[in-house]
Every structure is written in structure tokens, then in C-alpha cells.
Amino acid sequence: MEVFFSDMTPLTLALCLMVALVAGVIKGMVGFAMPMVMVSGLSSIVGAEWALAGLILPTVLTNLWQALRQGRAAAWASVKRFRVFLLCGFVTLVASAQLVRVLPANVLLLMIGVPVVIFALIQLFGVKLRLREDGHHVVEAGIGGFAGFIGGMSGIWGPPTVMYLTAINTPKRDQMRIQGVIYGLGAVALLGAHVGSGVMRAQTLPFSVALLVPALAGTWLGFQVQDRIDQAAFRKATLVVLMVAGLNLIRRGLTG
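Heads up, the sequence shown is in numbering that gives the first Met the number 0, so the first residue is 0 and it goes up one at a time.
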């Protein structure tokens with residue numbers, strides 16, 4: 000441990016493990032927000048590169064677990080059902096990754112945060128924004144493309160995905176599984192990209208491995224809560240987390 004984390008004090012490492020635990024609990028409860036929580040928390044403790052490296056393996060494995068909780072057949076059915084969303088998101092993610100240096104980061108964060116907060120507030124105040132579950136592939140393609148577009152530049156594709164699944168009134172168990180599938184495929188792509196970029200390397204890999212234990216433990220705790228709450232409570236918890244995430248994105252966009 001001293002060899003791998005020679006630049007970290009025991010307190011620093013303990014704080015990082017606590018961030019991973021909290022992120023895991025939130026992830027298990029509502030199915031998303033782990034990258035945002037971990038990036039926000041870890042980057043205030045360690046460098047941005049270490050924060051990014053640290054979240055990669057916990058994000059991959061918790062999403063895999065989430066996607067497969069109802070079995071491989073159910074996960075594959077989600078892939079087929081949301082193939083338009085996934086395909087459009089992948090295409091725009093690859094394309095927008097080339098635009099990272101063109102669009103200012105604060106503008107991008109505001110582009111994500113403002114509509115997310117508006118959507119969450121409208122829903123929390125009882126205004127029902129609904130889409131039919133079927134027959135709207137154009138809308139699905141548009142939202143999937145937007146999620147991929149912002150994901151390619153920022154690594155954050157969760158809020159638009161959650162907005163869409165909430166708008167089509169996805170049942171709780173299905174929404175958790177679908178989010179796991181969508182985010183899991185994105186997380187695998189993120190892992191591959193950052194093995195190539197050098198962010199995930201021999202020095203940072205043990206740090207990401209160390210964060211796996213609290214992240215997985217937190218996710219298990221969150222799953223226990225999520226399994227015991229009804230659809231209405233799950234929806235409200237999802238919207239609250241979505242609003243907090245959106246406000247944090249706006250804060251980052253305004254403060255630079």
C-alpha cells in the first residue's frame with residue numbers, strides 16, 4: 000500500500016474511500032450520478048487526473064452489476080429496446096470528442112445543467128411531462144444523440160438519459176437495468192479511451208482498484224434501499240438527485 004500510494008497520507012486515502020462509498024450508495028439508490036459525485040469529491044482531495052482514473056473501475060463494475068441484476072436476457076432486451084438511443088449516442092460521442100478544444104467547458108456545463116434543473120423542478124412541482132413508451136424513435140434518437148454529444152466532451156451523459164427514461168415513465172426495475180446497460184457500455188468505452196490516453200496506468204490503477212471495495216459496498220447498500228421503496232418514492236428521489244446534479248453543473252459553469 001505504501002508503494003502504491005506513497006504520495007497520499009492515510010487521511011487523504013480514507014477521504015477518497017469515503018467519497019467512493021457515498022457515490023456507491025447514491026448509485027445503488029437511483030442508478031446514476033456516481034461519476035459526478037466521484038469527480039466532484041475526489042478532485043477536491045487529489046488531482047483531477049487521479050480523480051478521473053479513480054472512478055473508472057468502480058463505474059465499470061457497478062454498472063455491470065446494475066445491468067445484470069435481472070439476468071443477461073433482460074439486459075440484452077434493454078440493449079435491443081434502446082438500440083436507437085445507443086447507436087445515436089455512440090455516433091455523436093465519437094464525433095464530439097473531437098470538439099473538446101472548440102467549445103468552452105463552462106458553456107457545455109451550462110448547456111447540460113440548465114435544462115436538467117428546469118426539467119427536475121417542473122416534475123417535482125407536479126407538472127407531468129410524458130412521452131409515449133413506443134412510437135417516438137425520432138425523439139429517442141435526438142435525446143440519445145444529445146447525450147452522446149455532451150458525453151464525448153465532458154464524460155457526463157447521465158442527466159439527459161435519466162430525463163428521457165423519467166419522461167416515458169419507465170418502471171423502477173426497468174429504469175435501473177436500462178441505466179446500467181447504457182452507462183456500462185459508456186464506461187467500458189471510457190476505460191478503453193483512458194488506457195490509451197495514459198490516465199489509467201500502472202501508477203493510478205491500484206488507486207482505482209482500492210476504490211472498488213467502498214464503491215461496491217455502497218452500491219449494495221443503495222440497492223437495499225431502492226428495492227424497498229415504491230415507484231413514486233423512487234421517482235422523487237431520482238428527480239431530487241437529478242436537480243442537485245444539474246445545480247452543481249450550473250455552479251461549475253458559472254465559476255469556471
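Every residue gets a Cβ at the ideal spot worked out from N, C-alpha and C, and that includes glycine.
Proximity winner among the options, relative to residue i (alpha-carbon distances)
i	options	result
Phe81	Trp64, Leu184 and Met28	Leu184
Ala50	Arg172, Leu120 and Val208	Val208
Leu41	Val18, Ala146 and Val78	Val18
Gly157	Leu85, Pro170, His193 and Leu215	Leu85
Arg71	Ser43, Thr58, Ala232 and Arg176	Arg176
Lys235	Ala192, Met28, Val24 and Gly53	Met28
Leu92	Thr165, Gly141, Gly221 and Gln230	Gly141
Val194	Pro9, Asp6, Ala232 and Ala52	Ala52
Pro114	Ile181, Ile249 and Leu253	Ile249
Gly144	Phe89, Gly252 and Leu20	Phe89
Gly125	Met35, Phe148, Leu238 and Trp219	Leu238
Gly197	Asp229, Leu210, Leu14 and Ile55	Ile55
Phe233	Arg172, Leu67, Trp64 and Leu16	Arg172
Gln178	Val212, Gly30, Pro34 and Gln122	Gly30
Val138	Ala74, Cys87 and Val180	Cys87
Ala244	Trp219, Lys26 and Gly112	Gly112
Thr165	Ala231, Asp6, Thr11 and Phe206	Ala231
Ala22	Thr218, Ile228, Arg227 and Asp6	Thr218
Leu215	Gly46, Ala47 and Leu60	Leu60
Gln202	Ala13, Val212 and Glu48	Glu48
Leu190	Ala94, Val83, Pro34 and Met110	Pro34
Any C-beta of chain C under 9 Å from that of residue i
i	result
Ser77	No chain C appears in the structure shown, which is made up of a single protein chain.
Opening and closing residue of the alpha helix (DSSP H) in which residue i lies
i	result
Phe89	Arg82 to Ser95
Ile181	Lys171 to Ser196
Ile167	Per DSSP, Ile167 belongs to no alpha helix (DSSP H) and is neither H nor E.
Trp49	Ala47 to Ala66
Gln230	Gln230 to Thr254
Arg200	Note, Arg200: premise wrong, no alpha helix (DSSP H); not H, not E.
Ala32	Counting along the chain, Ala32 falls outside any alpha helix (DSSP H), and DSSP gives it neither H nor E.
Integer-rounded CB distance, given that residue j should sit under 8 Å from residue i
i	j	result
Ala32	Val224	Actually they do not touch by this definition, with Cβ atoms about 14 Å apart.
Ala146	Thr58	With a Cβ gap of about 16 Å, Ala146 and Thr58 do not count as contacting.
Gly252	Leu108	4 Å
Val180	Ser77	5 Å
Leu246	Val116	6 Å
Gly150	Ile25	In fact, because the Cβ distance is near 19 Å, the residues do not count as touching under 8 Å.
Thr8	Ile44	So it is not a contact: roughly 10 Å between Cβ atoms.
Leu210	Leu16	7 Å
Pro213	Leu20	4 Å
Residue i Cβ short of 8 Å to the ligand FAD heavy atom set
i	result
Leu63	As for the ligand FAD, it is missing from this structure, which has no ligand bound.
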